[in-house]
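The opening residue of the sequence shown carries number 0 in numbering that gives the first Met the number 0; numbering runs sequentially from there. Glycine is no exception: its CB is placed at the ideal position from the N, C-alpha and C atoms. Below you'll find the structure, written out as structure tokens, and then a few comments.
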Amino acid sequence: MELQLKNIGMIKEANVKLDGLTVIAGENDTGKSTVGKVFYVLVKGMKLFVSEWKEKNAENLSTSLLAVYFLLFKKTKLENNASMLFKDKEDELVELKGQDYTSDKDHTHGVSFCKKTKIEDIVFLETPLVWSFTDFFRDIAQVESQMNIKLDYPYLMKDLTFKLHIKNASNGLDIRDKVIPLMGGEFKKDEVGRYYFDKNGQRIELVNTATGIKYFGIFQVLSQNNYLNKDTVLVLDEPEVHLHPKWQLKMAELIVDLVKNGIKILVNSHSPYMIEALQRYGELSEINADFYLAEDAYIKKENDSNSETLAKIFEKLSEPFDVFEEMESERFQNG
Numbered sequence: 000m001e002l003q004l005k006n007i008g009m010i011k012e013a014n015v016k017l018d019g020l021t022v023i024a025g026e027n028d029t030g031k032s033t034v035g036k037v038f039y040v041l042v043k044g045m046k047l048f049v050s051e052w053k054e055k056n057a058e059n060l061s062t063s064l065l066a067v068y069f070l071l072f073k074k075t076k077l078e079n080n081a082s083m084l085f086k087d088k089e090d091e092l093v094e095l096k097g098q099d100y101t102s103d104k105d106h107t108h109g110v111s112f113c114k115k116t117k118i119e120d121i122v123f124l125e126t127p128l129v130w131s132f133t134d135f136f137r138d139i140a141q142v143e144s145q146m147n148i149k150l151d152y153p154y155l156m157k158d159l160t161f162k163l164h165i166k167n168a169s170n171g172l173d174i175r176d177k178v179i180p181l182m183g184g185e186f187k188k189d190e191v192g193r194y195y196f197d198k199n200g201q202r203i204e205l206v207n208t209a210t211g212i213k214y215f216g217i218f219q220v221l222s223q224n225n226y227l228n229k230d231t232v233l234v235l236d237e238p239e240v241h242l243h244p245k246w247q248l249k250m251a252e253l254i255v256d257l258v259k260n261g262i263k264i265l266v267n268s269h270s271p272y273m274i275e276a277l278q279r280y281g282e283l284s285e286i287n288a289d290f291y292l293a294e295d296a297y298i299k300k301e302n303d304s305n306s307e308t309l310a311k312i313f314e315k316l317s318e319p320f321d322v323f324e325e326m327e328s329e330r331f332q333n334g
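This is the structure in structure tokens:
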């Protein structure tokens with residue numbers, strides 16, 4: 000599977016494979032998250048198209064899919080004005096291209112998604128703070144149903160909240176025996192459907208639960224709800240943000256284990272700990288992994304080599320340590 004981007008958001012060009020573990024490394028504001036969100040939009044757009052527009056005649060297919068993509072791009076806060084074209088549904092080959100109709104007519108914007116795929120769904124995990132909004136989204140869903148209306152709120156968070164509450168009909172990978180001992184407890188629902196953290200039989204409200212535990216808790220619940228399966232892609236946007244370096248290694252080990260069991264995962268990261276852990280655990284497990292550097296509006300692999308790319312990634316992300324060395328050198332010079 001391959002995702003090619005040109006002139007989308009801050010990205011001038013990206014060519015990213017997703018055939019196991021894909022890691023995009025780089026500093027903040029380099030377009031790492033954009034790749035995951037575009038991929039999310041493509042998968043969700045196809046799913047909505049198949050489920051809601053498959054009965055329409057051929058003349059309306061492109062228009063319908065185009066409307067879906069623009070709606071999802073808006074809901075995922077992706078700033079772009081690209082038009083898109085849907086082609087070749089029977090062969091499951093999607094090619095989306097477009098132009099900027101508001102400024103430079105010769106400046107092409109677009110997305111192409113190449114090779115056959117049977118991806119059914121995608122999970123975008125941006126923040127464990129989603130637990131703080133689960134009750135809100137559940138209440139909103141009830142209001143929408145009762146009043147037959149649709150309210151506008153963050154689609155990514157709404158979709159993840161849905162998956163935390165609604166079981167998937169497909170079978171999924173059960174990783175609870177790995178995650179629960181790591182957390183020292185498990186996430187449970189009470190009689191009214193509200194989640195809490197159970198630690199040795201003691202109920203701990205989520206507001207009092209550590210953020211790192213909440214992150215692992217998402218994996219536990221996604222697992223028991225059957226959303227960790229070979230037909231679903233998992234996108235993790237900077238998972239290290241809420242994790243101590245020691246837990247980053249545990250998370251990397253869990254990610255590699257999921258990939259080893261056939262789940263495709265895209266990780267965006269700026270943590271040297273996380274990236275090196277993914278590299279080392281990946282090599283030990285002999286999984287298919289691809290590493291990319293996001294820099295200067297391009298997301299690319301150096302000479303199609305993981306080792307060369309990783310060397311450049313660590314060089315880039317170690318720059319703060321160079322500052323410390325300079326400070327130490329100045330301290331010695333000044334006595």
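- Excluding its 5 nearest sequence neighbours in each direction, Leu242 has C-beta neighbours in its own chain below 7 angstroms: Gly211, Tyr214, Met250, listed in chain order.
- Sorting Ala296, Leu20, Val122, Lys157 by C-alpha distance to the C-alpha of Glu285 places Leu20 at the top.
- Annotation: the continuous beta strand (DSSP E) that includes Lys5 extends over 1 to 7.
- Spatial neighbours of Val42 in its own chain (CB-CB distance under 6 angstroms, excluding positions within 5 residues in sequence) are listed in chain order as Ile118, Ile121.
- Taking a 10 Å sphere around the C-beta of Gln145, we find fewer than 16 other C-beta atoms and assign the residue as exposed.
- Note that the region 2 to 12 touches the region 289 to 301; at least 3 beta-carbon pairs, one per stretch, sit closer than 8 angstroms.
- Apart from the 5 residues on each side of it in sequence, Ser169 sits with its Cβ closer than 8 angstroms to the Cβ of Glu119, Asn225, Asn228, Asp230 in its chain, given in chain order.
- Annotation: Phe132 is outside any alpha helix (DSSP H) and is labelled neither H nor E by DSSP.
- Contact check for Leu2 against Leu17 passes: the beta carbons are separated by less than 9 angstroms.
- Cβ atoms of Leu277 and Ile254 come within 8 angstroms of each other, at about 7 angstroms.
- With a cutoff of 9 angstroms on beta-carbon distance, Trp130 and Gly216 are scored as near each other.
- Here DSSP, grouped into helix, strand and coil, assigns Tyr226 to coil.
- Put simply, the region 302 to 311 does not touch the region 30 to 45. Fewer than three CB pairs are less than 8 angstroms apart.
- Taking C-alpha positions only, Asp256 is separated from Ile274 by approximately 15 angstroms.
- Here Asp256 carries a helix assignment [DSSP, helix/strand/coil].
- Taking the Cα positions, Ala310 is about 15 angstroms away from Glu26.
- Boundaries of the alpha helix (DSSP H) around Arg175: 175 to 182.
- The Cβ atoms of Leu124 and Leu235 lie closer than 9 angstroms to each other.
- Excluding residues up to 5 positions away in sequence, Phe313, Leu316, Ser317 lie with their Cβ nearer than 7 angstroms to the Cβ of Pro271 in the same chain.
- Secondary structure note for Lys157: its alpha helix (DSSP H) is the uninterrupted segment 154 to 164.
- When beta bridges are read from the DSSP output, Asp236 appears opposite Asn267.
- Just measuring C-alpha positions, the residue of Asn267, Ala288, Gln332 sitting nearest Ile23 is Asn267.
- Cβ-Cβ separation between Asp197 and Lys187: approximately 5 angstroms, consistent with a contact (criterion under 8 angstroms).
- Glu252 places its beta carbon 9 angstroms or farther from that of Gln219.
- Listed in chain order, the non-local C-beta contacts of Gln223 below 7 angstroms within the same chain comprise Arg175, local neighbours out to five positions each way being set aside.
- Under DSSP, Arg202 forms a beta bridge with Asp197.
- Lys311: member of the alpha helix (DSSP H) spanning 305 to 316, first to last residue.
- Each residue's CA atom was taken as its position, placing Leu248 and Asn147 some 46 angstroms apart.
- For a cut-off of 8 angstroms, the C-beta gap from Val34 to Val15 is around 6 angstroms, short enough to register as a contact.
- Taking C-beta atoms as the reference points, Val232 and Ile203 fail to come closer than 9 angstroms.
- Nearest to Phe38 by C-alpha distance, out of Val322, Ile179, His269, Leu265, is Leu265.
- For the options Met156, Gly200, Leu221, the alpha carbon positioned closest to that of Ile165 is the one of Leu221.
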